[in-house]
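Participant:
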Amino acid sequence: MAPAASPAPATSPVVQAAPLVSAQAHQQFFDQLRSLCGQAFEGRVVQDQPKSGRGFEGRLLMHVRRCSEREIQIPFHVGEDHSRTWIISQTGSGLSLKHDHRKADGRSDASTMYGGHTREAGWPQLQSFPADPYSQELFLRQGMAASVGNIWQLMIHTELKSFSYRLLRESREFRVDFDLSQPVPPPPAPWGYSD
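Numbering (this note's numbering), first residue to last: 2 to 196.
1) Which same chain residues end up closer than 7 Å to S163 when comparing Cβ atoms and leaving out the 5 residues on each side of it in sequence?
2) Around the C-beta of G193, are 16 or more other C-beta atoms found within 10 angstroms, so that it is buried, or is it exposed?
3) Which whole-angstrom value describes the C-beta separation of G123 and F31, a residue pair presumed to lie in contact below a C-beta threshold of 8 Å?
4) To which residues of the same chain is E43 closer than 8 Å at the C-beta, ignoring the five residues directly before and after it?
5) Less than 9 Å separating the beta-carbons of I157 and G116?
6) Residues in the same chain with beta-carbon distance under 6 Å from T92, minus the five sequence neighbours each way, listed in chain order, please.
7) Inspect the beta-carbon positions of I73 and L127 and report whether they are closer than 9 Å.
8) Below 8 Å CB to CB, which residues in the same chain sit around T113 once its five sequence neighbours on both sides are set aside?
9) In whole angstroms, give me the CA-to-CA distance for Y166 and A19.
10) From R85 to V16, what distance separates their C-alpha atoms?
11) Return the residue from the list L37, H83 and R120 that minimises the CA-CA distance to S97.
12) Scan the stretch 67-137 and note each continuous beta strand (DSSP E) run of 3 residues or more that stays entirely inside, going in chain order.
13) On the criterion of 16 or more Cβ atoms from any shown chain inside 10 Å, does S90 qualify as buried, or is it exposed?
14) Taking 9 Å as the threshold (C-beta atoms), are R66 and A190 in contact?
15) Tell me the DSSP secondary structure of G193 in three-state form.
16) Between R71 and S36, what straight-line distance do the alpha-carbon atoms span, to the nearest angstrom?
17) Would you mind reading off the limits of the beta strand (DSSP E) that contains R60?
18) DSSP on G44, reduced to helix/strand/coil?
19) Between the C-alpha atoms of R170 and A147, what's the straight-line distance to the nearest angstrom?
20) If we count the other Cβ atoms within 10 Å of its Cβ and call it buried at 16 or more, is Q199 buried or exposed?
Structure follows, in structure tokens:
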């Protein structure tokens with residue numbers, strides 16, 4: 002005869018999600034960026050070699066719009082084009098940067114959610130995101146083989162009170178600097194998002 006089952010404990014065990022762990026520099030960078038939540042800043046293209054011809058015309062704004070313990074959403078507005086949102090996430094093994102591209106009606110663009118993941122600790126002021134496998138496959142499918150080697154960098158210059166978004170690859174550099182010393186009124190919600 003099998004022994005009787007033990008009665009259930011009077012209290013259930015504590016159930017918690019596994020903690021996210023990051024290198025100290027990842028956490029410091031994320032926290033600095035999150036401290037800007039709710040604010041918008043104007044920027045300008047400081048490097049575009051060779052010229053991309055992609056039309057970064059009009060007022061450039063970044064809006065640190067939504068922030069949680071694990072994710073920061075930063076729409077990047079180019080004039081009346083509200084199609085781009087940068088998404089920085091803590092993954093438990095570093096930081097991820099994704100580019101959410103939407104059409105004016107809110108639908109996802111064919112080229113969306115590309116980006117990269119940190120491979121090194123980086124610094125509290127700078128993180129690098131080499132293109133991840135999903136992005137590399139997407140670029141190849143779209144005939145953009147040169148983009149397979151993309152590395153995106155995000156930089157926070159506390160002394161200069163600026164934030165930089167930078168794209169690097171062989172024979173290509175693009176960079177936008179944003180002035181953190183002068184917040185501006187927030188722009189409208191990016192396409193595909195609501196207030």
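Just so it is clear, CB atoms sit at the ideal spot from N, CA and C, and this is done for glycine as well.
Facilitator: So, from the listed chains and residues:
1) D178, F179, D180 and L181
2) buried
3) In fact, because the Cβ distance is near 11 Å, the residues do not count as touching under 8 Å.
4) R60, L61, L62, F179, D180, Q183 and V185
5) no
6) none
7) no
8) For T113, where only same-chain residues beyond five positions count, the Cβ hits under 8 Å are H100, D101, H102 and R103.
9) 31 Å
10) Their Cα atoms are separated by approximately 37 Å.
11) R120
12) 72-79, 82-91, 96-102, 115-118 and 127-131
13) buried
14) yes
15) coil
16) One C-alpha to the other measures close to 13 Å.
17) That residue, R60, is in no beta strand (DSSP E); it is neither H nor E in DSSP.
18) Reduced to three states, the DSSP call for G44 is strand.
19) 8 Å
20) Here the chain covers residues 2 to 196 and nothing more, so residue 199 does not appear.
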